[in-house]
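What follows is a set of notes on a single structure, which appears directly below.
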Amino acid sequence: MSNITISLPDGSERELPEGSTALDLAASIGNRLKKAAVAATVDGTETDLTAPLPSGSTVGIITDDTDEGRHVLRHSTAHVLAQAVTRLFPGAKFSIGPAIENGFYYDFDLPDGRTFNDDDLQTIEQEMREIVKSNQTFERSEMTMAEAKELFADQPYKIEIIERVESAAGDQLDAGEVSGDVISAYRNSEEFVDMCVGPHVPSTGKLGHFKLQRVSGAHWRGNEDGIMLQRIYGTAWESKQALAEHLHRLEEAAKRDHRKLATELDLLSFPSELGGGLAVWHPKGAIIRKIMEDYSRERHEHGGYEFVFTPHLANAKLFETSGHLQWYADGMYPPMEMDNGTYYMKPMNCPMHCLIFKSRQRSYRELPLRLFELGNVYRYERAGTLHGLLRIRGFTQDDSHIYCTKEQLADEIASLLDFVLSVLRAFGFEDFTFNLSTKNPDKYVGSDEIWDEATEALRQALDSHGLDYAVKAGDAAFYGPKIDIDVRDAIGRSWQLSTIQADFQLPERFDLEYVGADNERHRPIMLHRALLGSIERFMGVLIEHYAGNFPAWLAPLQVRVLPVATAHEEYADRVRERLESAGIRVDVIAANDALGKRIRASKMEKIPYILVVGDDDVAATTVGVNPRGGEVERGVGLSEFVARITDEVAASTERALTA
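Read in order, the letters of the sequence shown are residues 614 to 1272 in the numbering used here.
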C-alpha cells in the first residue's frame, strides 16, 4: 500500500498509509489529540474525522475545547435530541436544529396538539443518554433532490427545505442543512437520519456533557402568521467541568438579570401601557443615568468634541439620500404622512450630522471636526426579540461622527481607541476583545486605495496599543472597515459595546466637501463612533456586571442613616445634612420599625453605606458604619466618615475623568 503526504498547519509533513483519515492523523500525533478531536479542516474546509484524506492536503485537527469544536459537539447533540424525540413521540415532525452560542436547539411539531412539559424534558434527556451510551456511528451520505424527497417523505418541513433549494430560491437555513445541488444527510441509526452539511463527531459516544434547558414557541421560518412549533433548547460542552461552569454562570446571570434587579431596586420599569420595548426611568434609575450622561458630556467636552442636537424625525427624502430607506427600512417605524410630505422617526443620527457638516463651506483647517450627540433614535424590533434594556425600541445613542482628511485618519483612529478604552475602564471594565472587520470584495463602495488605507489605519491603531485582535475577513459593512470592542463582565460574559467605523458612503451620498490647502475641493472621510452603544443597553450591562451593587460614585443612594430609636432621629437628620453639604446622596429612615428590619431592608437596596446612630454616637458625634460587603465599625467620627466617603467618590470620579 502506498503512502500519502499530509501537511500540518505548522508547515510540517507526515506520511500516512493511503486511505488514512483525520482521526488516524490525530492518533499518529498523540492519544491526547485523538481523544480531543471532533472534526478536521482539509485545505480550509471543515470535514468529518472519518473521511479519507487526499494526498498533498493541509489538515488541521479541530478539538472539542475550541469554538469550532464546540459547534460540532452541539450540532451533533441536536441530532441526538431529534432522534430521542422521534423515538418517544411517534409521529413527531422535526424541522431545524442548529448549534447556537453556548448550546443548540431543535424545533418540533408534535401530533394532536401535544406540547412538551418539564417532565418530558427529563425523559427526553434520559433517552438522549441512552443513545450516547450506545455509541452509534454518524455516517454521511449524499443524494439527489429526488432521493432526498423520498427519504424524508414523512417529514413536511424537510420537504419544504428541499423544494426551496430545488426551486433555486437561494435561501440557506441557519442550521446548514443543504449546500449546492446535493443534499447531504447523516444517519446514526436505522431509525434516524437528518439532513445536514456537517461535520459531526464520529459517534454519539463522543457526546454526553449536555443538559436540556427549556421549551419555547417558535414560528416556522420566522413567519408570525405561520405554524407555531415547539423549540427545545439545550447546552453541550466538552467536559463535565465545562458544563458545570456554564450552568453556574447561568445561575449567576439569572441572579443578575437587569430586569429583575431594576424592579427590586426601583430603577425603571416597562409598563404594558407604553407598549413593548419602551422603558420609563424611575428617580433612582434617572440619577444613575444623569451621572452616566454628565460624565459622557464632560469627557467629550475635554476630548475636543462639539455638541449638537438633532430632531427625532425627518422627511423621507433625508433617509432616501442616506440610503436607510433602501437598506434599513425593515428596522424603521412606518411613515407618517403629513401635509408637507412623508416623515420617519430617525433610526440613526448620522444623516443629520452630515447636514450639519454641509450647512456651510468647510476648510481643511476645521478638520478633524468631531460632532457629539446624546441622540434619541427609534428602531422597530420584533416582539420576540425584545429583552429589557438590552434590546429595546427607543434608545439614546452616545453618538459621535468625526470628519477628517485622509492624512488625519490614522491619528484619529488611534485617539478614538484611547478614548473608548478609557471611558469603558472608568465604568469598571478591564477585559476587552477586539475584532477588525475587513472589506467584502463583492460588496463595497469607495476606492480600493481608501479601503486599504482605512483598514491599515485601524490595524495600526490596534497594533500600536499592543492589542490582540481577530480579523473578520469580508465582514465589514459595504461603506467601510470597523473595529468592534467587546467587554467581559464580572461573570465572564462578553458584551459588544463600542464600534469605530470608517465610512466612505455617506460623505459621497451627501456630497460633503472641504476646501484643502491646495484650494481644491476634497471629500472627507467619516468615522462613526458608538462608545457605550446606547445609554439604555449600557445601563442594562452595568446592572448585570455589578449585580446592582454600583460603586459609590454611581450609586443612586450612597448613604442611609438609621437612628436606633425615635430619640436619635434629630441627630440622624444632622448627619444627613452634613453629608448632603458634602455632596453625598443620603437619606434617613425613621425608627418606625425595628432596627434589624430596617438594616435588612437597606441591604436589599444595595446601598454602599448604612450608618447606625444611637446614644453613644449622639454624645460623641460619631456613627456606626455598616459598609456593603465589609466589616461593621463602631464609633467612627462623623467628620472622619464624611472625609472618607467624599475622598472615595472624588477618587473614583477623578479616575473616571483621567482614565
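For each residue, glycine too, the CB sits at the ideal point set by N, CA and C.
Cβ atoms of residue j and residue i: under 7 Å apart, would you say?
| i | j | result |
| --- | --- | --- |
| residue 1022 | residue 845 | no |
| residue 1220 | residue 1173 | yes |
| residue 1026 | residue 1074 | yes |
| residue 871 | residue 1001 | yes |
| residue 1143 | residue 1112 | yes |
| residue 916 | residue 1045 | no |
| residue 1195 | residue 1234 | no |
| residue 706 | residue 722 | yes |
| residue 617 | residue 862 | no |
| residue 805 | residue 696 | yes |
| residue 1274 | residue 1114 | The structure shown does not extend to residue 1274, since the chain is modelled only from 614 to 1272, so the question has no answer here. |
| residue 971 | residue 1123 | yes |
| residue 717 | residue 843 | no |
| residue 983 | residue 1015 | yes |
Assuming residue i and residue j make a contact with CB atoms under 8 Å, what is their CB distance in whole Å?
| i | j | result |
| --- | --- | --- |
| residue 980 | residue 1017 | 5 Å |
| residue 712 | residue 692 | Not a contact, Cβ separation roughly 10 Å. |
| residue 1200 | residue 1189 | 7 Å |
| residue 1237 | residue 1225 | 4 Å |
| residue 745 | residue 821 | 5 Å |
| residue 662 | residue 649 | Not quite, the Cβ-Cβ distance comes to about 11 Å (not below 8 Å), so this is no contact. |
| residue 1191 | residue 1251 | 6 Å |
| residue 577 | residue 1161 | The requested residue 577 is not part of the displayed model; the chain covers only 614 to 1272. |
| residue 890 | residue 999 | 4 Å |
| residue 1166 | residue 1266 | 5 Å |
| residue 901 | residue 1163 | 7 Å |
| residue 919 | residue 823 | Actually they are not in contact, since the Cβ atoms of residue 919 and residue 823 sit about 54 Å apart, beyond 8 Å. |
| residue 1110 | residue 1084 | In fact, because the Cβ distance is near 20 Å, the residues do not count as touching under 8 Å. |
| residue 771 | residue 808 | 6 Å |
| residue 1116 | residue 1093 | 5 Å |
| residue 734 | residue 828 | 7 Å |
| residue 895 | residue 909 | At roughly 21 Å, the Cβ-Cβ gap does not stay under 8 Å, so residue 895 and residue 909 are not in contact. |
| residue 622 | residue 658 | About 14 Å; that fails the 8 Å criterion. |
Could you check which residue in the options has the C-alpha nearest to that of residue i?
| i | options | result |
| --- | --- | --- |
| residue 639 | 948, 676, 703 | 676 |
| residue 989 | 698, 973, 1008 | 1008 |
| residue 924 | 734, 951, 959, 650 | 959 |
| residue 1047 | 861, 1076, 718 | 1076 |
| residue 943 | 831, 994, 1171, 1013 | 994 |
| residue 1171 | 1095, 1121, 1216, 1158 | 1216 |
| residue 753 | 952, 812, 938 | 812 |
| residue 867 | 1193, 1158, 1229 | 1158 |
| residue 1096 | 882, 1107, 1108, 1082 | 1082 |
| residue 566 | 645, 1119, 1179, 1132 | Not covered by the structure: residue 566. The range shown for the chain is 614 to 1272. |
| residue 756 | 717, 799, 1243 | 799 |
| residue 759 | 747, 743, 1136, 778 | 778 |
Could you name the residues of the same chain whose beta carbon sits closer than 6 Å to that of residue i, not counting the 5 residues immediately before and after it, in chain order?
| i | result |
| --- | --- |
| residue 789 | Model confidence at residue 789 stands at a pLDDT of 45, short of 50, so the residue's coordinates are unreliable and nothing is read from them. |
| residue 786 | Because the pLDDT at residue 786 is just 42, under 50, the model does not fix this residue reliably, and the value given afterwards should be weighed accordingly. Closer than 6 Å at the Cβ level, and outside the excluded window around residue 786, lie 709. |
| residue 1177 | 1208, 1227 |
| residue 1126 | 1134 |
| residue 1052 | 1064, 1089 |
| residue 830 | 841 |
| residue 1168 | 1221 |
| residue 1029 | 1113, 1142 |
| residue 615 | 631 |
| residue 954 | 928 |
| residue 761 | 775, 796 |
Grab me the residues of residue i's own chain with a C-beta within less than 7 Å of its C-beta, minus the 5 sequence neighbours each way, in chain order.
| i | result |
| --- | --- |
| residue 859 | 715, 848, 850 |
| residue 1010 | 962, 988, 990, 1143, 1147 |
| residue 814 | 651, 685, 686, 689, 751, 820 |
| residue 749 | 801, 802, 816, 817 |
Keeping to the same chain, check which residues put their C-beta closer than 8 Å to that of residue i; ignore five residues upstream and five downstream.
| i | result |
| --- | --- |
| residue 927 | 956, 957, 959, 964, 965 |
| residue 836 | none |
| residue 665 | 632, 633, 634 |
Worksheet item: Can you give, in chain order, each stretch of the beta strand (DSSP E) that sits fully within the stretch 1004-1083 and has at least 3 residues?
Response: 1007-1017, 1045-1050
Worksheet item: What beta strand (DSSP E) runs, 3 residues minimum, are completely inside the stretch 903-958?
Response: 926-928, 949-951, 954-958
Worksheet item: What are the start and end residues of each continuous alpha helix (DSSP H) run of 4 or more residues lying completely inside the stretch 1174-1240, in chain order?
Response: 1182-1194, 1208-1217, 1228-1233
Discussion item. Quick check on the DSSP output: what are the complete alpha helix (DSSP H) runs of length 4 or more inside the stretch 797-877, in order along the chain?
Written reply: 853-869, 871-877
Practice prompt. Run through the stretch 646-730 for me and flag every whole beta strand (DSSP E) of 3 or more residues, listed as ranges in chain order.
Written response: 650-655, 658-660, 672-676, 716-722
Discussion item. At 3 residues or longer, what runs of the beta strand (DSSP E) sit wholly inside the stretch 1125-1152?
Written reply: 1138-1143
Practice prompt. Scan the stretch 955-1007 and note each continuous beta strand (DSSP E) run of 3 residues or more that stays entirely inside, going in chain order.
Written response: 982-991
Worksheet item: In chain order, which continuous runs of the beta strand (DSSP E) of length 3 or greater are located wholly inside the stretch 752-787?
Response: 752-756
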